[in-house]
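**Q** Residue numbers (the working numbering): 476 to 766. Structure provided below as structure tokens; questions to follow.
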């Protein structure tokens with residue numbers, strides 16, 4: 476039975492687990508260090524503890540940032556500047572004494588859905604993560620499409636209108652901000668959604684802007700990449716009203732664009748807290764298929 480150490484690096488906590496058989500075991504989380512030496516010490520200590528109980532074949536890592544798998548460098552930026560712009564993969568492999576894979580966290584989440592979640596039996600999919608901004612991942616022929624500059628799937632950068640991006644308009648955070656501007660009341664995005672369901676006009680208007688931005692983005696994604704499935708992640712994906720609202724908004728777009736014959740298939744993600752860990756394992760197995 477192959478055992479893989481798994482690490483999910485987050486800005487606040489780092490999750491650790493062992494993939495054994497077909498499940499995650501020995502799961503725990505530790506606060507994320509604020510400097511590189513402590514980061515190395517934490518990861519090395521945890522991996523050594525895993526090795527005492529499980530014969531590890533390697534270590535799979537989910538990380539923020541634009542991961543360049545050809546060079547082993549985490550490019551771009553994140554809340555952890557000390558992990559960027561040097562060959563961190565080879566350093567960690569030397570410290571662990573094991574093969575190491577590293578992939579971007581959104582790409583890991585998409586791989587988890589592809590492997591055993593909402594994207595099963597699909598060769599191509601797009602994963603949209605709706606959080607404080609909008610991010611995502613593109614899977615083509617079961618492989619992550621990273622793009623020429625490692626920006627594949629960064630849908631939040633796309634313009635939704637002449638001035639504002641999808642990230643600026645298409646999140647629950649932006650819903651709350653619009654409602655506050657309109658009413659002067661500070662509420663969470665979830666609370667604004669609840670008010671919208673009760674018929675509050677300002678809340679409905681704030682939610683509609685979000686739905687229109689996401690619907691336009693999904694429509695454009697469908698006709699740019701033509702994935703078999705578009706999977707929604709992030710806390711808002713748990714809202715049972717979201718997909719019906721998006722389908723309604725997309726139907727309106729398709730009525731305006733008469734040649735738009737394809738109706739995007741939108742589904743909610745299957746995995747939440749474990750998505751990055753599970754997807755890191757999928758990435759490891761793709762990188763080291765013979766181990």
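We treat Cβ as the ideally placed atom computed from N, Cα and C, and that holds for glycine.
#1: Quick one: measure Cβ to Cβ for residue 600 and residue 704, integer angstroms, because I've assumed they're closer than 8 Å.
#2: Looking at the structure shown, is residue 713 part of a helix, part of a strand, or coil, going by DSSP?
#3: Does any residue of chain B have a CB that is nearer than 9 Å to the CB of residue 486?
#4: Between 542, 507, 640, 649, which lies nearest to residue 663 when the distance is taken from Cα to Cα?
#5: Consult DSSP for residue 753 and reduce its assignment to one of helix, strand or coil.
#6: With H, G and I counted as helix, E and B as strand and the rest as coil, what does DSSP make of residue 734?
#7: With distances taken between CB atoms, is the gap from residue 597 to residue 702 smaller than 9 Å?
#8: Quick check: the Cα distance between residue 725 and residue 694, rounded to an integer number of angstroms?
#9: Can you tell me whether DSSP reads residue 512 as helix, strand or coil?
#10: State the Cα-Cα distance for the pair residue 674 and residue 488, rounded to the nearest angstrom.
#11: Is DSSP giving residue 593 helix, strand or coil here?
#12: Could you check whether residue 532 and residue 567 sit closer than 9 Å to each other, using their CB atoms as the reference points?
#13: Identify whether residue 661 lies in helix, strand or coil by the three-state DSSP scheme.
#14: Could you check whether residue 743 and residue 706 sit closer than 9 Å to each other, using their CB atoms as the reference points?
**A** On the basis of the data shown:
#1: Within the chain shown, numbered from 1, the residue matching residue 600 stands at position 125. Within the chain shown, numbered from 1, the residue matching residue 704 stands at position 229. Yes, residue 600 and residue 704 are in contact; Cβ-Cβ is about 5 Å, under 8 Å.
#2: In the chain shown, counting from the first residue as 1, residue 713 sits at position 238. Looking at residue 713 - three-state DSSP - the assignment turns out to be helix.
#3: Here there is only one protein chain, and chain B is not present.
#4: Walking along the chain shown from the start, residue 663 turns up at place 188. Out of 542, 507, 640, 649, 649 has the C-alpha closest to the C-alpha of residue 663.
#5: Stepping through the chain shown from its first residue, residue 753 is reached at position 278. Helix.
#6: Locating residue 734 in the chain shown gives position 259, where the first residue counts as 1. Residue 734: coil per DSSP, three-state reduction.
#7: To locate residue 597, count along the chain shown from 1; it is residue 122. To locate residue 702, count along the chain shown from 1; it is residue 227. Cβ atoms of residue 597 and residue 702: closer than 9 Å.
#8: Numbered from 1 along the chain shown, position 250 holds the residue referred to as residue 725. Numbered from 1 along the chain shown, position 219 holds the residue referred to as residue 694. Spanning the two alpha carbons is a distance of roughly 7 Å.
#9: Walking along the chain shown from the start, residue 512 turns up at place 37. Correct three-state label for residue 512: helix.
#10: For the purposes of this step, residue 674 is identified with residue 199 of the chain shown, where counting begins at 1. For the purposes of this step, residue 488 is identified with residue 13 of the chain shown, where counting begins at 1. About 39 Å.
#11: The residue you call residue 593 lines up with position 118 of the chain shown. Of the three classes helix, strand and coil, the one that applies to residue 593 here is coil, per DSSP.
#12: For this step, residue 567 is matched to residue 92 along the chain shown. For this step, residue 532 is matched to residue 57 along the chain shown. For residue 567 and residue 532, no; Cβs fall outside 9 Å.
#13: As a working mapping, residue 661 is identified with position 186 in the chain shown. It is coil, neither helix nor strand.
#14: Translated into the one-based positions of the chain shown, residue 706 becomes position 231. Translated into the one-based positions of the chain shown, residue 743 becomes position 268. Yes, the pair counts as a contact, with Cβ atoms nearer than the cut-off.
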